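If you count by this note's numbering, then the sequence shown holds residues 1 to 665, one letter each, in order.
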Amino acid sequence: MNTNELNDPKDQNLENIEGTIVSSNAGNQDVADSVNDLVDVNADKPLSISDEAYDEEPNDEELKPLEMDDEHVDFDEEDEEETEIDEEDDEPHVDYSNLSKDELVQTLKDLINNRPVQKIRQKVEGLKSIFYRKHKAEVEKLRKEFVDAGGDLEQFSLPEDNAEMQFKELLKQYRAKRAQYNNQLEEQKQHNLEQKQQIIEKIKDLVNSTEPVGKIYQEFRDLQKQFLEVGPVPQASLNDLWNNYHHHVQAFYDFVKISKELRDLDFKKNLEAKIKLCEQAEELLLEPSVVVAFKKLQKLHEQWREVGPVPRENQNEIWERFKEATTKINKKHQEHFESIKEQQRKNLEAKAELCEKAEELAAQNPKSVKEWNKLSKELIELQKLWKTIGFATKKENNKVFERFRSACDIFFNKKRDFFKDIRDVQVNNLQLKTELCLQAEALKESTDWKKTTEDLINLQKRWKQIGPVPRKNSDEIWKRFRAACDYFFEQKSKHFASVDNSYEENLKAKEALIAEVEAFEFGEDMEQNLNALKEFQRRWTEIGFVPIKVKDDVQKRFRAAIKKHFDKLNAQEGKNKVVRFQAKLEEAKANPRAMSKLRQDRERMFNRMRQLENDLTVWENNIGFFAKTKNAEAMIEEVKRKIERAKEEIAELSEKIKLIDKLEQ
């Protein structure tokens with residue numbers, strides 16, 4: 001209540017004057033004059049408290065990396081606008097947080113069935129908040145298990161929850177009982193109004209009574225007592241009721257002409273009562289809770305309204321005293337909520353800034369685990385900071401929280417999807433590396449040192465090309481693979497340690513063979529020449545290893561010598577083919593069918609020559625893409641041999657085509 005709403009200090013109540021007797025006629029005029037000085041009384045309105053005084057902010061639940069609970073749970077899906085009917089609960093506070101959902105259902109059922117509905121609202125709200133917090137946690141757990149099991153989040157559906165259905169049904173019963181009680185209360189208030197109006201009519205009729213004044217006054221006092229004992233009335237009728245009541249009380253006092261002495265005695269009692277109310281109001285200035293002080297001040301104003309008038313000389317003084325205490329309490333109340341609003345505004349700005357930062361993190365798409373972990377730490381720090389900030393304004397608090405939670409959900413959903421893909425890849429990598437381990441273990445006992453060495457080196461290359469495996473398997477699988485490789489190479493080292501002495505002998509044998517190849521002269525028989533070259537290659541292979549430092553040089557010399565002979569052999573073979581083809585043409589001159597066949601052969605040879613030219617271009621280009629490494633040399637040599645053979649075949653085909661064309665001229 002603002003001080004501006006308080007009535008004039010002269011608006012005093014005239015009821016509750018005890019011990020009044022009828023004065024003599026001589027004092028009647030004094031009584032009438034004194035009573036006429038009193039202004040018609042308007043009852044003070046009950047203190048009104050701004051809705052903001054009771055705004056209850058939702059509680060920030062703990063922010064989790066993959067999921068965040070709602071900051072608050074509304075009591076119902078639609079806001080209930082109803083008259084405040086709650087009475088103070090006379091039972092001690094009970095902690096329901098450790099109860100299961102079924103126990104919460106039973107507790108709610110017991111409250112609704114065994115306790116007055118007007119005394120259990122806080123307990124019902126507490127049960128509701130705890131129940132749905134547990135329910136939401138179960139839903140999030142089921143959703144996470146569903147997604148982790150490979151399910152599509154959009155296809156997730158909640159299983160039927162019998163406890164939730166029972167809980168909702170009990171809440172409906174509670175709201176129905178609460179509405180019924182509220183309706184009954186309003187009906188009772190209306191009934192009380194009718195009773196008080198009837199009492200006022202009886203007071204009004206007293207002035208027309210022919211009974212002795214003493215008896216009339218006693219009846220008046222009984223009616224006053226009845227009026228005060230009747231319960232509350234509808235708020236809309238309160239002021240009119242009190243105005244009507246005080247008017248007819250005033251009229252009764254005028255009628256009975258109460259003596260000034262008795263009236264002053266009543267005024268004195270009223271003054272004492274109002275002094276006590278002033279003292280109680282002043283004590284409220286020391287109350288630590290501004291809201292509690294404001295509520296208690298309401299009750300003091302209701303009592304002030306019910307207390308009758310005080311002596312004229314004390315009216316302004318006592319009123320100003322009470323009004324001063326009221327003004328101070330109202331000011332503290334206003335300043336308190338203004339400071340809360342200002343702090344809430346600052347909190348909203350701080351939370352909006354955190355939302356922006358969280359949205360920036362959620363918009364990023366890291367490509368590595370390291371980046372994801374770095375951003376996750378940053379977002380979790382934002383969540384911790386969020387919890388240190390108080391509530392924003394009631395209108396914006398839920399919105400800003402939903403905004404922040406949405407950004408966190410987007411970020412952690414993207415992270416979960418990323419790591420799910422990573423885990424799938426790592427599991428596949430583990431399978432691939434396990435297969436390499438099996439292959440390496442199968443080769444480790446081999447004594448085919450050269451081939452097995454190449455195979456193991458290839459396995460090691462493939463191992464490096466395969467990505468990481470799950471961390472818990474990383475060391476184990478690597479040690480297994482390395483153990484198999486190490487075992488083979490240790491056995492190989494032991495073997496070759498015993499044969500190093502033979503390398504020099506092998507070197508001498510290979511150098512002698514190279515000299516023999518270089519001195520070899522072709523004979524007339526091409527087949528014998530070819531067999532001789534093959535025999536050189538066989539003998540070279542059987543000689544065995546040479547010292548590693550001269551291995552490449554010796555190998556290069558042998559290849560050059562043998563290649564020279566093969567090139568010569570190929571050239572002779574090409575010339576022989578052309579000579580044989582020319583003889584074939586001479587035979588075909590006299591045979592038209594043979595000439596027709598030659599034309600078809602020419603077309604085929606021409607197409608073949610074009611195909612070889614295209615292949616030649618591709619092979620020559622491919623050589624440029626091969627890495628100039630030791631491992632690529634064999635491939636490059638093979639391509640070069642293909643190029644040489646292609647060039648020789650192109651030359652042969654070209655010569656044959658020319659012979660056919662010359663024959664047809």
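Note that beta-carbon positions come from the ideal geometry of N, C-alpha and C, so glycine has one too.
Since we're looking at a predicted model, the values are computed, not measured.
Check: When the cut-off is 8 Å and only beta carbons count, does LYS433 lie next to chain E?
Finding: In the displayed structure, chain E is absent; only one protein chain is listed.
Check: Between the C-alpha atoms of TYR245 and LEU111, what's the straight-line distance to the nearest angstrom?
Finding: 41 Å
Next item on the list: Could you round the C-beta distance between LEU612 and ILE643 to whole angstroms and report it? I think they count as a contact, below 8 Å.
Entry: Wrong, their Cβ atoms sit about 10 Å apart, outside the cutoff.
Next item on the list: Measure the alpha-carbon distance for ILE650 versus GLN528 and round it to whole angstroms.
Entry: 27 Å
Notebook entry, point to check: How many angstroms separate the CA atom of GLU547 from the CA atom of ASN428?
Noted result: Glu is not the amino acid found at residue 547; the sequence shown has Pro there. Between PRO547 and ASN428, the C-alpha separation is close to 43 Å.
Next item on the list: Put ASN98 into one of helix, strand or coil per three-state DSSP.
Entry: coil
Next item on the list: Using 7 Å as the cut-off, classify the Cβ of PHE267 as near or not near the heavy atoms of the ligand ZN, replying yes or no.
Entry: In terms of ligand content, the structure shown is empty, and the ligand ZN therefore cannot be addressed.
Margin query: Along the chain, where does the alpha helix (DSSP H) containing LEU348 start, and where does it finish?
Written below: 312 to 363
Next item on the list: Output the distance between the C-alpha atoms of ASP553 and LEU533, rounded to the nearest integer angstrom.
Entry: 20 Å
Next item on the list: Please go through the same chain and pick out, in chain order, the residues whose beta-carbon is closer than 8 Å to the beta-carbon of SER97, but skip the five residues on each side of it.
Entry: ILE130
Item checked: Nearest candidate by alpha-carbon position, reference TYR487, set TRP540, ALA515 and THR447 -> THR447
Item checked: 8 Å CB neighbourhood of LEU507 in its chain, flanking five on each side removed -> VAL546, PRO547, VAL550 and VAL554
Notebook entry, point to check: Nearest-angstrom Cα distance between LYS377 and TYR181?
Noted result: 53 Å
Note to self: So, with DSSP's three-state summary, where would you put VAL307?
What the structure shows: coil
Notebook entry, point to check: Do VAL639 and ILE623 come within 8 Å of each other at the CB atom, strictly closer than that value?
Noted result: yes
Note to self: By the DSSP assignment, the alpha helix (DSSP H) with LYS399 in it spans what residues?
What the structure shows: 394 to 443
Check: For ILE340 versus LEU284, is the C-beta spacing smaller than 8 Å?
Finding: no
Check: From ASN413, LYS351, LEU438 and THR434, pick the residue whose C-alpha is nearest to that of VAL400; which is it?
Finding: LYS351
Note to self: Closest to LYS647 by C-alpha separation, out of GLN465, LEU663, TRP619 and ASP661, would be which residue?
What the structure shows: TRP619
Next item on the list: Starting from ARG175, trace the alpha helix (DSSP H) both ways and give me its first and last residue.
Entry: 162 to 206
Next item on the list: Could you give the DSSP three-state label for GLY126: helix, strand or coil?
Entry: helix
Next item on the list: For THR326, count neighbouring Cβ atoms within 10 angstroms of its own Cβ and tell me buried if that reaches 16, exposed if not.
Entry: buried
Next item on the list: Return yes when the Cβ of LEU653 is within less than 8 Å of the Cβ of MET605, no when it is not.
Entry: yes
Item checked: For GLU279 and ASN270, the rounded distance between their alpha carbons -> 14 Å
Check: Tell me which same chain residues have a C-beta within less than 8 Å of the C-beta of PRO159, skipping the five on either side of it?
Finding: LEU142
Notebook entry, point to check: If you draw a straight line from the alpha carbon of ASP417 to that of LYS134, how long is it in whole angstroms?
Noted result: 26 Å
Next item on the list: For ARG645, count neighbouring C-beta atoms within 10 Å of its own C-beta (all shown protein chains included) and say buried if the count is 16 or more, exposed if not.
Entry: exposed
Margin query: Relative to the C-alpha of SER237, which candidate in GLY151, LYS189, GLN166 and LYS204 has its C-alpha closest?
Written below: LYS189
Check: Quick one: what's got a C-beta closer than 8 Å to GLU435's C-beta in the same chain, skipping five residues either side?
Finding: none
Next item on the list: Count the other C-beta atoms from every protein chain shown that fall within 10 angstroms of the C-beta of PHE558, then say buried if there are 16 or more, exposed otherwise.
Entry: buried
Check: With 16 as the cutoff for other CB atoms within 10 Å, does LEU228 come out buried or exposed?
Finding: exposed
Note to self: Could you check whether ALA281 and LEU300 sit closer than 8 Å to each other, using their CB atoms as the reference points?
What the structure shows: yes
Notebook entry, point to check: Residues in its own chain within less than 8 Å of TRP449 by CB, not counting five upstream and five downstream?
Noted result: LYS492, HIS495 and PHE496
Next item on the list: May I ask which residues mark the beginning and end of the alpha helix (DSSP H) holding LYS119?
Entry: Neither: LYS119 is in no alpha helix (DSSP H) and is coded neither H nor E.
Checklist line | DSSP three-state assignment for LEU459, whether helix, strand or coil | finding: helix
Item checked: Reference GLU103, options ALA163, GLN118 and GLU140, closest by Cα -> ALA163
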